[in-house]
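In the numbering used here, the protein residues as written are 134 to 232.
We treat Cβ as the ideally placed atom computed from N, Cα and C, and that holds for glycine.
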């Protein structure tokens, strides 16, 4: 399994319970594919540099995890179709570190 880091932005209109449920649901995708969550950094509500779909703020979450390719593809697919996730970016930590 390779290590990845994903930063994603959740709509600011969600309340704390809905936000926590969404984060748990997204991270559950990784663990359901025999992956492990190594670190979660909830960066909180932040201003956007520019408007995205008439929104100016969002909740930023950065998660570091290890998972196989099938789990990664499912995680990215479900993030892309979830209407409460504004944007996401995934990087391969192994390639970043030159492994």
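Q.
Here's the rule I'm using: 16 or more other beta-carbon atoms within 10 Å means buried, otherwise exposed. How should residue 158 be labelled?
A. exposed
Q: Counting only the same chain and skipping the five closest in sequence on each side, list residues whose C-beta sits under 8 Å from that of residue 227.
A: 135, 136
(Q) Output needed for residue 180: all residues of its chain with C-beta closer than 8 Å, excluding positions within five of it in sequence on either side, in chain order. (A) 189, 190
Q: Please classify residue 244: does DSSP put it in a helix, a strand, or coil?
A: The structure shown does not extend to residue 244, since the chain is modelled only from 134 to 232, so the question has no answer here.
Q: Go to residue 213, then tell me how far its alpha helix (DSSP H) extends in each direction, as first and last residue.
A: 202–214
Q) Taking all protein chains shown into account, do 16 or more other C-beta atoms lie within 10 angstroms of the C-beta of residue 214, making it buried, or fewer, making it exposed? A) exposed
Q | residue 198 burial status per 10 Å Cβ neighbour count (16 or more: buried) | A | buried
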